[in-house]
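Residue numbers (the working numbering): 7 to 411.
The beta carbon of each residue, even a glycine, is placed where N, CA and C say it ideally should be.
Since the structure is predicted, the reported quantities are computational estimates derived from the model, not experimental observations.
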């Protein structure tokens with residue numbers, strides 16, 4: 007293609023097939039994930055195994071045949087919307103709910119029937135559940151005293167936890183004298199003081215405002231990594247899961263749609279549900295008209311030109327009807343008509359959402375299809391398209407993926 011994209015900072019050339027576009031990092035709408043190429047900091051041995059776990063409430067199946075393996079030292083996120091089953095699954099791991107069927111193994115031991123107070127598991131609640139009449143130090147010491155540890159050991163662990171969460175100066179304060187972030191640190195310290203084999207986090211950032219939530223995400227990860235504890239967190243917040251977790255399980259209707267690294271579930275979603283739930287996506291329903299080992303072509307009634315993808319279909323399609331998924335940051339906006347026979351569409355700017363670091367353009371095609379396009383706001387420019395402007399959108403051969411469910 008010889009068209010000139012309007013994306014700031016990249017107007018002279020198009021993105022390389024081996025490099026993300028300028029607008030991919032900021033404009034994805036998701037947090038930037040920690041480096042994926044480094045040696046994993048967690049061990050390869052499995053510390054938690056869930057086998058065929060089910061939970062039924064009367065006629066409602068809240069958790070449906072869930073199977074999971076979590077590695078030692080891993081931060082694992084259960085991500086899903088309301089009613090997906092993620093919180094029920096977490097409560098079964100903690101022992102607060104009894105499974106209808108299935109088994110939970112921790113360190114090779116079946117703990118399914120073990121009561122919660124006997125499990126080497128601690129849980130940090132969204133509300134933090136700190137005792138208001140106790141000081142910070144007393145809150146951290148509470149579980150240790152319940153276990154009847156010697157006073158010297160209790161004092162040593164409390165001091166260690168206070169140092170770990172940088173709360174030494176606040177040891178004698180009570181919860182109402184602390185900020186939201188400080189209360190969260192105390193709750194985390196209390197959960198870690200007993201040195202659990204497994205730490206459970208229930209919507210860990212849910213009680214914080216957005217700015218503090220963003221700051222605390224990496225701080226909590228750093229603390230968990232220092233201790234080396236295996237952690238499972240439940241959240242409905244995509245950004246939280248993508249920022250904090252090594253792997254993510256996407257849940258819907260009580261079962262797991264996909265498990266993978268944040269990059270995997272975003273770049274290679276297993277279904278339309280995952281593609282739509284994690285980030286923003288354009289979906290074009292169409293029919294495969296050409297399918298080879300190294301490429302495929304899809305014709306969609308929603309687009310004037312066919313979609314060409316420079317890789318074959320890796321999953322077996324039930325029929326020739328599929329969906330092409332295309333992230334907004336992988337689409338380019340231009341006023342020049344592309345010369346290619348595929349991978350572009352003509353339309354008018356229907357709406358624009360200015361989101362600070364990037365703008366999300368909604369381009370309506372002649373068929374009525376709305377195509378979402380992200381443009382990074384890296385420069386102040388007055389020549390950007392505006393409402394009702396005629397534009398073209400186009401994308402590279404490697405940008406779209408094929409989904410058959």
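CB contact check: residue i to chain C, cutoff 8 Å
i	result
residue 188	Of the protein chains in this structure there is only one, and it is not chain C.
Three-way DSSP call (helix, strand, coil) for residue i in this model
i	result
residue 44	Bear in mind that the predicted position of residue 44 carries a pLDDT of just 42, short of 50, making it unreliable; the figure below should be weighed with that in mind. The answer is coil: DSSP assigns residue 44 none of H, G, I, E or B.
residue 235	coil
residue 171	coil
residue 353	strand
residue 309	coil
residue 333	coil
residue 341	coil
residue 406	coil
residue 326	coil
Residue range of the alpha helix (DSSP H) that includes residue i
i	result
residue 278	278 to 283
residue 95	92 to 100
Outcome for residue i when other beta-carbon atoms lying within 10 angstroms are tallied against a minimum of 16
i	result
residue 210	buried
residue 80	buried
residue 437	Absent from the structure is residue 437, since the part of the chain shown begins at 7 and ends at 411.
residue 394	exposed
residue 432	Examination of residue 432 is not possible in this model, given that the chain is present from 7 through 411 alone.
residue 183	exposed
residue 295	exposed
residue 73	exposed
residue 105	buried
residue 361	exposed
residue 335	buried
residue 21	Per-residue confidence for residue 21 stands at a pLDDT of 40, beneath the threshold of 50, marking its modelled position as unreliable; the derived number appears in the next sentence. Its Cβ being crowded by 16 or more others within 10 Å, residue 21 is buried.
residue 86	buried
residue 392	exposed
residue 298	exposed
residue 134	buried
residue 253	buried
residue 224	exposed
residue 26	Bear in mind that a pLDDT of 41 at residue 26, under 50, signals an unreliable position, so the model cannot answer this.
residue 283	buried
residue 3	Residue 3 falls outside the range modelled here, since the chain spans only 7 to 411, and no answer is possible.
residue 307	exposed
residue 378	buried
residue 281	buried
residue 63	exposed
residue 175	exposed
residue 159	exposed
Start and end residues, beta strand (DSSP E) containing residue i
i	result
residue 211	Where residue 211 is concerned, there is no enclosing beta strand (DSSP E), given that its DSSP letter is neither H nor E.
residue 369	364 to 371
residue 429	What is shown of the chain runs 7 to 411, which leaves residue 429 out entirely.
residue 4	Beyond the ends of the chain as shown, which are 7 and 411, falls residue 4; an answer cannot be given.
residue 396	396 to 401
residue 70	66 to 77
residue 361	It is not in any beta strand (DSSP E) - residue 361 carries neither H nor E in the DSSP assignment.
residue 86	81 to 86
Own chain, CB closer than 8 Å to residue i, minus 5 neighbours either side, in chain order
i	result
residue 70	60, 91, 259, 260 and 261
residue 45	With a pLDDT of 45 at residue 45, under the threshold of 50, the modelled position of that residue is not reliable, and no figure is offered here.
residue 88	242
residue 278	289, 329, 331, 409 and 411
residue 102	122
Same chain, Cβ closer than 6 Å to residue i, neighbours up to 5 away in sequence not counted
i	result
residue 235	205
residue 233	198
residue 143	164 and 177
residue 359	366
residue 376	368 and 370
residue 352	398
residue 179	142
Beta-carbon contacts of residue i that lie in its chain and below 7 Å, excluding the five residues immediately before and after
i	result
residue 145	136, 137, 192 and 196
residue 50	77
residue 350	311, 344, 398, 399 and 400
At what residue ranges does the region 108 to 160 contain a whole run of the beta strand (DSSP E), taking only runs of 3 or more?
Here the runs fully enclosed are 127 to 130.
Hey, which unbroken runs of the beta strand (DSSP E) at 3 residues or more fall wholly within the region 240 to 304?
If you keep only unbroken beta strand (DSSP E) runs of at least 3 residues inside the region 240 to 304, you get 253 to 258, 261 to 266 and 288 to 297.
Contained alpha helix (DSSP H) runs [length at least 4] in the region 174 to 229, N- to C-terminal order:
For the region 174 to 229, the full-length alpha helix (DSSP H) segments reaching 4 residues or more read 186 to 199 along the chain.
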